[in-house]
Amino acid sequence: MHSGRTGDGRLFSKHMTVRTRFAPSPTGYLHIGGARTALFNWLYARKHGGVFVLRIEDTDAARNTEEARKAIFDGMEWLGLDWDEGPMKGGDFGPYQQSERGQIYDAWFEKLVQTDRVYQLDGAWRFRFERKPITMIDGVCGEVTIDYRDESNTPDMVIKRSDGSYVFHFVNVVDDLEMEITHVIRGEDHLMNTPKHLQLIEALGCVAPQYCHIPLILNGDGSKMSKRDEGAALGDYPRHGFVAAAVANFIALLGWNPKNENEIFTLDELAENFSLAGINRAPARFDYDKCRWFNQQHMAKLSLADFHHAALPFIAAASLPTEEFSEAMASAVKEKVRLLEEVPHAVEFLLDDGFSIDHEAMEKLAASAIARDGLIAIAERFASVDEWTLDTAKISISDAATMVACKPGQLMFPLRVSLSGRSHGPDLNDLLMLLGKSRCVQRVQRMIENLA
RNA sequence: GACCCGUUCGUCUAUCGGUUAGGACUCCAGGUUUUCAUCCUGGCAAGAAGGGUUCGACUCCCUUACGGGUCGCCA
19 MHSGRTGDGR LFSKHMTVRT RFAPSPTGYL HIGGARTALF NWLYARKHGG
69 VFVLRIEDTD AARNTEEARK AIFDGMEWLG LDWDEGPMKG GDFGPYQQSE
119 RGQIYDAWFE KLVQTDRVYQ LDGAWRFRFE RKPITMIDGV CGEVTIDYRD
169 ESNTPDMVIK RSDGSYVFHF VNVVDDLEME ITHVIRGEDH LMNTPKHLQL
219 IEALGCVAPQ YCHIPLILNG DGSKMSKRDE GAALGDYPRH GFVAAAVANF
269 IALLGWNPKN ENEIFTLDEL AENFSLAGIN RAPARFDYDK CRWFNQQHMA
319 KLSLADFHHA ALPFIAAASL PTEEFSEAMA SAVKEKVRLL EEVPHAVEFL
369 LDDGFSIDHE AMEKLAASAI ARDGLIAIAE RFASVDEWTL DTAKISISDA
419 ATMVACKPGQ LMFPLRVSLS GRSHGPDLND LLMLLGKSRC VQRVQRMIEN
469 LA
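Numbering (our numbering), first residue to last: 19 to 470.
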């Protein structure tokens, strides 16, 4: 039969179409680690002009939920990981949900019955392992051997439950065979399953796909990432105002690197540069700060219109008037925020005259010898401007500085705090133009009163 | 506990026997900006430990320690 060996996978041929798959089970939510597995499979398929399959592994009827199914589709769509075959897409190897593939499994199972590779125990069917060392050639880990002569460590596994349903190991293997999957990129938690799968494939008389096990993603402190941990649920990313390209970029670099010093990649660029050889073997820790930095880098590349559009839902969610949130405002904060969820706070004082004034900034102002006089001069100069333009506003500030015998630069901080209530924010020129003459005068006067 | 995989700055990583061990995030200091931020420049910071092999080891081998994974009629 075949190569006489198991575990070394298919000899990769230039003529062979690469077929990868992502096979999540619809229980819970889409985990960031799962998203990365999907991404790597997608990248590998795209890189090699292959086919990316989405298969829903819903064999555990009790734990499946519709929300979880939706989370998978939504997450994939958000990240931009389109599948060539799968639910809502069809394909020649369907159906793509295991719950609908019963007859297919029955047929393959019958082969094992015929060849006496299964036996019944307590009503469940167990697969009889061959008692020999099993060696796999993993695409990432290299050669790994598990000795199946040690029966205590590798008991025969159940592949068909006493209720007649099939277990993961069996359906997963059958589907990869049926769907002609060439490369299986999956989490390292499956590494010890692989010899089981190899044995099954051999018993079925087939050739195994190339397996590649990628390291898991850990929390920042090195602990196992689970449900409630920051960054664990893919669905949280759009909610916090991450853009998809940034998240894909960041998780791609968690466990993979392009072997050069580039860091910012679009999805297409990732696909161009992707290779199995660049995948690491050690688990990576999740760094939320760096993820935010990637987001900032990707947002900076967004067009103003796209950024404005992306920020609008966050303005609405903060109960700020979306119709007043202009592209000019978006422009003023575009490169100052790392997450879209920071936009409302960054612009709220532009949309609402009743903004509060930062304590620390106020104290610094109160301590300044020239702040009050400077602001009085500015208010006076502003008020006398006929045509409010950036030039006339700037001239007014210079004039005010002359009046109180200081440098214009010294008036910037008092003016900034007067206009925005804070010591950090958009460019002063933007503030001046965005607010207009009368609001600027009002705000400066309000500050003068506060300082009295 | 058994069996697997792993271990370079705090974090993500480059290095495929010979390098002042490089880059990025974070942090700090300068510079640019009449202001804030961006940005630019510079700085802090690493080969888990012990044995080998070798002229020479972060790199290869062994041991220990530590981390992760797996040991289900879950996937």
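Even for Gly, the Cβ is constructed at its ideal location relative to N, Cα and C.
First and last residue of the alpha helix (DSSP H) that includes residue i?
i: residue 426; result: 426 to 438
i: residue 421; result: 408 to 421
i: residue 311; result: 306 to 318
i: residue 458; result: 446 to 469
i: residue 255; result: 254 to 258
i: residue 219; result: 212 to 221
i: residue 129; result: 120 to 132
i: residue 333; result: 322 to 335
i: residue 267; result: 262 to 270
i: residue 349; result: 345 to 351
i: residue 369; result: 361 to 369
i: residue 378; result: 377 to 385
i: residue 390; result: 389 to 401
i: residue 297; result: Premise fails: residue 297 is in no alpha helix (DSSP H) and is neither H nor E.
i: residue 90; result: 84 to 97
i: residue 289; result: 285 to 291
Using alpha carbons as the reference points, say which of the options lies closest to residue i.
i: residue 445; options: 307, 332, 352; result: 352
i: residue 187; options: 381, 314, 235, 77; result: 77
i: residue 442; options: 227, 239, 355, 88; result: 355
i: residue 397; options: 422, 387, 254, 460; result: 460
i: residue 184; options: 146, 220, 142; result: 142
i: residue 138; options: 174, 154, 162, 113; result: 174
i: residue 292; options: 404, 300, 281; result: 281
i: residue 488; options: 120, 146, 104, 119; result: In the structure as shown, the chain begins at 19 and stops at 470. Residue 488 is therefore absent and cannot be evaluated.
i: residue 303; options: 454, 267, 376, 249; result: 249
i: residue 432; options: 121, 379, 370, 318; result: 379
i: residue 74; options: 84, 66, 67; result: 84
i: residue 405; options: 388, 155, 451; result: 451
i: residue 456; options: 371, 430, 269; result: 371
i: residue 223; options: 192, 247, 207; result: 192
i: residue 105; options: 97, 91, 99; result: 91
i: residue 253; options: 113, 323, 97; result: 97
i: residue 243; options: 210, 48, 440, 391; result: 48
i: residue 113; options: 399, 99, 197, 260; result: 197
i: residue 99; options: 270, 120, 465, 219; result: 270
i: residue 386; options: 357, 428, 360; result: 428
i: residue 331; options: 358, 172, 323; result: 358
i: residue 124; options: 376, 344, 276, 182; result: 182
i: residue 164; options: 285, 308, 268, 210; result: 210
i: residue 150; options: 161, 213, 120, 465; result: 213
i: residue 367; options: 434, 235, 418, 307; result: 434
i: residue 325; options: 360, 416, 51; result: 360
By the DSSP assignment, the beta strand (DSSP E) with residue i in it spans what residues?
i: residue 160; result: 160 to 165
i: residue 34; result: No beta strand (DSSP E) contains residue 34, which DSSP labels as neither H nor E.
i: residue 156; result: 151 to 156
i: residue 186; result: Here residue 186 belongs to no beta strand (DSSP E); instead the alpha helix (DSSP H) covers 186 to 196.
i: residue 205; result: 201 to 205
i: residue 136; result: 136 to 139
i: residue 144; result: 142 to 145
i: residue 229; result: 228 to 232
i: residue 177; result: 175 to 178
Do the CB positions of residue i and residue j come within less than 8 Å of each other?
i: residue 157; j: residue 55; result: no
i: residue 166; j: residue 202; result: no
i: residue 469; j: residue 383; result: yes
i: residue 436; j: residue 369; result: no
i: residue 65; j: residue 350; result: no
i: residue 411; j: residue 403; result: yes
i: residue 362; j: residue 333; result: yes
i: residue 199; j: residue 45; result: no
i: residue 299; j: residue 458; result: no
i: residue 439; j: residue 337; result: no
i: residue 473; j: residue 111; result: Lying before the first or after the last residue shown, residue 473 is absent from the chain, which here runs from 19 to 470.
i: residue 61; j: residue 40; result: no
i: residue 219; j: residue 226; result: yes
i: residue 323; j: residue 345; result: yes
i: residue 155; j: residue 161; result: yes
i: residue 170; j: residue 140; result: no
Checklist entry - Which runs of the beta strand (DSSP E) fall wholly inside the region 41 to 76 and span at least 3 residues, in chain order? => result Counting only runs of 3 or more, we get 69 to 72.
Next on the checklist: Under 8 Å: do the region 304 to 322 and the region 262 to 269 share three or more Cβ pairs, one atom per stretch?
Outcome noted: Enough Cβ pairs lie closer than 8 Å, so yes.
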